[in-house]
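Read the structure below first, then the notes.
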Amino acid sequence: MTKPSPERRVLIADDEEPARRLVIEYLQAHPDWTLVAEAKNGFEAVQLAKEHAPDLLFLDVQMPKLDGFEVLGLLAPDIAVVFATAFDEYAIRAFEVHAVDYLLKPFSAERFAQALARAETRIGTTRAVAAPALAQAARSPGTYLERLVIRDGSEICIIPLEQIDYVRGQDDYIEVFHGGRSSLTQQTLQSLESSLDPRQFVRVHRSYVLNVGRVARLEPWGNGSKLAVLHDGRTVPVSRSGESRLRAVLGV
Amino acid sequence: MHPLLAERRSLTAYLLFWACLAVVPCLLLRSETPLGALCLAITATLAFAVATLPTWYLCRALPLVRGRGYRMFTAHAAAGALWSVFFLVCSKALVEVWALVPGWRGLVEDVDRAQAALVGVGALFYLLVASSHYALAELERRHEAVEREGAMALLAQQAELHALRAQVHPHFLFNSLNTVSALIGYDTTKAREACLLLAEYLRGTLRAQEQSLVALRDEWGLCERYLKVEALRLGDRLRVEVELDPAAQDCLVPSLLLQPLVENAMTHGVALVDEPRPLRVRARKEAAVLAIELENGIDPAPRRRPGGVGLANVRARLAAQYGGEALLRIEQDPERFRVLIDLPARTRDTPNSAEVA
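Chain order of the listed sequences is C and A.
Sequential numbering of the first sequence, starting at 0, is according to numbering that gives the first Met the number 0.
Sequential numbering of the second sequence, starting at 0, is according to numbering that gives the first Met the number 0.
So, in structure tokens, the structure goes:
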């Protein structure tokens, strides 16, 4: 490291005070890196990241409000992320979502320095936000997503899946309709569908995924397709193949 | 020992059965003194029934196994021939006694006339003895199998209980070690305290794994040590409210029953909730029931459905220990998760607690 390095800005997100203080202590040996803020939960992490635009985020996985993977999904793609957790079962998923490094607690000052060095090489590059990988990472293997975390303007929206009525896909965006509201987020319908419980959510149309519990009845809609009428009166188009998928799940 | 001799009742039933069968030789004698013939037949038949009891050992030595039919047949044919002659000899000997009764002299002649018939009856009787002994052997074999199965199930259950008890989560250790590692940097006194607390807790779990039932007081003591370690990590976020009434504290609970529930409450509740919402633990003794209640705050929009392996384990252990006598219920609203357990309230002094312990 002969070239003068510019100041690097670090954000720590960990709900445990001792864990944050340890990172701060280790950071003292690296004067190029400056701590800009400490977040005590997932919400704060997202907010402080937006406010301070850090170069690097040390991110715990198990935190109140939002977990580490959910936080990552809401971050600007140019923030390098190092996960720090006592759980080793997330390691593979962490790299799938392009984390810079994965520190297993407890970690040594040397291992910490290694993570910083790795982050240094990554700064200035943009994380390819692989939405499908992110959606996969947010849940344990063999289980389905239990909630959706969406940034709605400046607000972070946590939508439990049972509150979702249906989802409409438009190019790279999805519009989630839940309890009379709708939220827009950048993700493909395909990737969302793959992380939903197929017994509850059915792709009824090229651009629609429907919560089967909301369907009141099906009405003919010309040209062999149908219209699903929901309990609240709203309607969702159902294609011919969508109808057979829907009937398979409903068992009718 | 012969199974019929093991119990007076079964021997009596056996002899009564044979006394009834004495009607057969009695009729074959076609005697003019029917009462005498009946007395003779009954005594001869009973003598035969008692004398042939050792057939049990022959039946045991020659079990009903496919491919051994020939050996079995010859052995029983030989035994049958001997015993049928025995029946005749026995009748002849006894008739000399009964003939002493005035007016029953004719019995001797009756027996001489019916010699061939009596040998036939002896053969038939032997057939009956042998087949009933085989039936008896089969019954006993089944009984033994059931007993063995029961013993095996008990062993399996004990092994399962042990395995269920032995789960201490490594994540807890890693997190605690990380806390110690951090504390060394800024508060060495507290770091040392953390080491001691951790050691105390671990030693407690090792001891707890050795026991099957412990007083609620001791089980909670272990949980307290666990919570003290967690408090170092979580600070103010961990608040505990405990109400254990004294009578409840003496009650026995399966060792390490509460600890996984407290750990569950920590990892899925307290550690994932920002607002300090207390971990509430209550225990009351109501007549013969020990009611334990654990409540913690939860994330209103949970990432994972609660009620995982930890709860399933506790449920399985309660079922294994108490069968239908214990009950585990879960109550949940968007902000709170509550586990309610009802157990039979037993203490060390309760008579039937000694055997379970």
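Where a beta carbon is used, it is the ideal one built from N, C-alpha and C, also for glycine.
Judged by beta-carbon spacing, V99 of chain C lies within the 8 Å limit of V81 of chain C, meaning their Cβ atoms are closer than that value. DSSP places A286 of chain A outside both helix and strand once states are collapsed to three, so it counts as coil. For the set A:A113, A:L135 and A:E31, the Cα lying nearest the Cα of W103 of chain A is the one of A:E31. Secondary structure at V237 of chain C: strand, using DSSP grouped into helix, strand and coil. The stretch 161-205 of chain C contains, as complete alpha helix (DSSP H) runs of 4+ residues, the segments 188-193 (chain order). Distance from the CA atom of A227 of chain C to the CA atom of V237 of chain C, rounded to whole angstroms, is 6 Å. In the structure shown, R224 of chain A falls within a helical segment according to DSSP collapsed to helix, strand and coil.
Between P253 of chain A and Q320 of chain A, the gap from beta carbon to beta carbon is short of 8 Å. With a threshold of 8 Å between beta carbons, Q61 of chain C makes contact with chain A. Residue-level contact by beta carbon holds for E16 of chain C and chain A, with a gap shorter than 8 Å.
By the rule that beta-carbons nearer than 8 Å mark a contact, E145 of chain C touches chain A. Distance between R205 of chain C and G149 of chain A, taken at the CA atoms: about 59 Å. Residue state for Y143 of chain C is assigned as coil, using DSSP reduced to three classes.
In the structure shown, P343 of chain A adopts extended strand secondary structure according to DSSP, grouped into three states. With contacts defined as CB atoms closer than 8 Å, R232 of chain A and S175 of chain A qualify as a contacting pair.
Excluding its 5 nearest sequence neighbours in each direction, L326 of chain A has C-beta neighbours in its own chain below 6 Å: D341, listed in chain order. Residue nearest to G41 of chain C within the set C:C156, C:L249 and C:V166 is C:C156 (criterion: CA-CA distance). A46 of chain A has its alpha-carbon roughly 55 Å from the corresponding atom of D348 of chain A. Take the alpha-carbon of A43 of chain A and the one of S131 of chain A: they are about 19 Å apart.
Setting aside the 5 residues that flank it on each side, P159 of chain C is surrounded in the same chain by R146, each with a C-beta closer than 6 Å to its C-beta; the list follows chain order. Membership of I155 of chain C in the beta strand (DSSP E) is indicated by the continuous run E154 to P159. Our two residues, P24 of chain A and L81 of chain A, have alpha carbons roughly 18 Å apart in a direct line.
Annotated three-state conformation of E6 of chain C is coil, per DSSP. Under the three-state reduction of DSSP output, W97 of chain A falls in the helix class. Within 10 angstroms of the beta-carbon of I91 of chain C lie fewer than 16 other beta-carbons, which makes it exposed. Residue pairing from DSSP places R337 of chain A in a beta bridge opposite A:E294 and A:E330.
About 5 Å separates the beta carbon of C222 of chain A from that of L257 of chain A, a gap short enough to meet the 8 Å contact definition.
Counting C-beta pairs with one atom in each stretch, the stretch 130-146 of chain A and the stretch 57-71 of chain A have three or more that are closer than 8 Å, which means they touch.
Judged by their CB atoms, E37 of chain C and R19 of chain C are nearer to each other than the 8 Å cut-off. Per DSSP, reduced to three states, the secondary structure at E31 of chain A is coil, with no helix or strand assignment.
Taking a C-beta cut-off of 7 Å against chain A, the contacting residues of the stretch 92-107 of chain C are K104 and P105, listed in chain order. Burial check for M265 of chain A: the Cβ neighbour count within 10 Å reaches 16 or more, so the residue is buried. The beta carbons of E262 of chain A and L339 of chain A sit no closer together than 8 Å. Inter-segment contact for the stretch 185-194 of chain C and the stretch 162-171 of chain C is present: three or more beta-carbon pairs are separated by less than 8 Å. Going by DSSP, P219 of chain C is part of the beta strand (DSSP E) stretching over V214 to P219. Runs of the beta strand (DSSP E) lying entirely within the stretch 75-142 of chain A, each at least 3 residues long, are absent.
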